[in-house]
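Just so you know, we're using UniProt numbering here: the sequence shown kicks off at 1 and counts up by one.
Ideal Cβ positions, reconstructed from N, Cα and C, are used throughout, including at glycine.
Have a look at the structure below, then the notes.
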Amino acid sequence: LNNTCNNATQDCTTDPASGNATCSCKLGYQPNGTICIDIDECTSGQSSCSSDDSSCNNTIGSYICSCLPGFQSVNGSCTDINECDVNPAICSNYSNTYCANIRGSYQCRCNAQYALGGTFL
Numbered sequence: 001l002n003n004t005c006n007n008a009t010q011d012c013t014t015d016p017a018s019g020n021a022t023c024s025c026k027l028g029y030q031p032n033g034t035i036c037i038d039i040d041e042c043t044s045g046q047s048s049c050s051s052d053d054s055s056c057n058n059t060i061g062s063y064i065c066s067c068l069p070g071f072q073s074v075n076g077s078c079t080d081i082n083e084c085d086v087n088p089a090i091c092s093n094y095s096n097t098y099c100a101n102i103r104g105s106y107q108c109r110c111n112a113q114y115a116l117g118g119t120f121l
């Protein structure tokens, strides 16, 4: 048996009659001459990460999607954190305001008939 494949980056198929090995790149690798090199799925557009709510981090032979601030992983997808529900007192330092959840964050908004600075309209 003549296995000339790099077991870390290549799969080896052996011809039973001749004993010769045929090498093919493992998932996450691409051929570069006679070797297999890591595919950067993040820059090549091959990742399933959503640029709206996650970032892509290339790893050797694969990639990882990480949720952006203001998002959390739920069943493998990044979903908006409702900061107003998580911390109901988040706007309590500002009088006459309420918390409004927005995608990836929150805002402390003035109650009806109030303006920034606490002025009654």
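Q: Going by CA-CA distance only, name the one from N6, R109 and S18 that's closest to C36.
A: One-based indexing of the sequence shown puts residue 36 at position 36. Ranking the options by Cα distance to C36, first place goes to N6.
Q: Using a threshold of 8 Å, state whether the C-beta atoms of Q72 and I64 are closer than that.
A: As a position in the sequence shown, residue 72 is number 72, starting the count at 1. As a position in the sequence shown, residue 64 is number 64, starting the count at 1. Not a contact, by the Cβ cut-off of 8 Å.
(Q) Taking its Cβ as the centre, do 16 or more other Cβ atoms sit within 10 Å of S47, making it buried, or is it exposed? (A) For the purposes of this step, residue 47 is identified with residue 47 of the sequence shown, where counting begins at 1. Under the 10 Å beta carbon count, S47 is surrounded by 16 or more other beta carbons and is classified as buried.
Q: Give every residue of the same chain whose Cβ lies closer than 8 Å to the Cβ of G76, excluding the five residues on either side of it in the sequence, and list them in chain order.
A: Residue numbering aside, residue 76 sits at position 76 when the sequence shown is read from its first letter. Counting only Cβ-Cβ distances below 8 Å, and skipping sequence neighbours, we find nothing.
**Q.** Contact between the stretch 11 to 26 and the stretch 47 to 58 (3+ Cβ pairs under 8 Å)
**A.** Contact annotation: the stretch 11 to 26 does not touch the stretch 47 to 58, with fewer than three C-beta pairs closer than 8 Å.
Q.
According to DSSP, simplified to helix, strand and coil, what is G5?
A. What you label residue 5 is simply residue 5 of the sequence shown in a count that begins at 1. Note that residue 5 is Cys in the sequence shown here, rather than Gly. In the structure shown, C5 sits in coil (DSSP, three-state: anything other than H, G, I, E or B).
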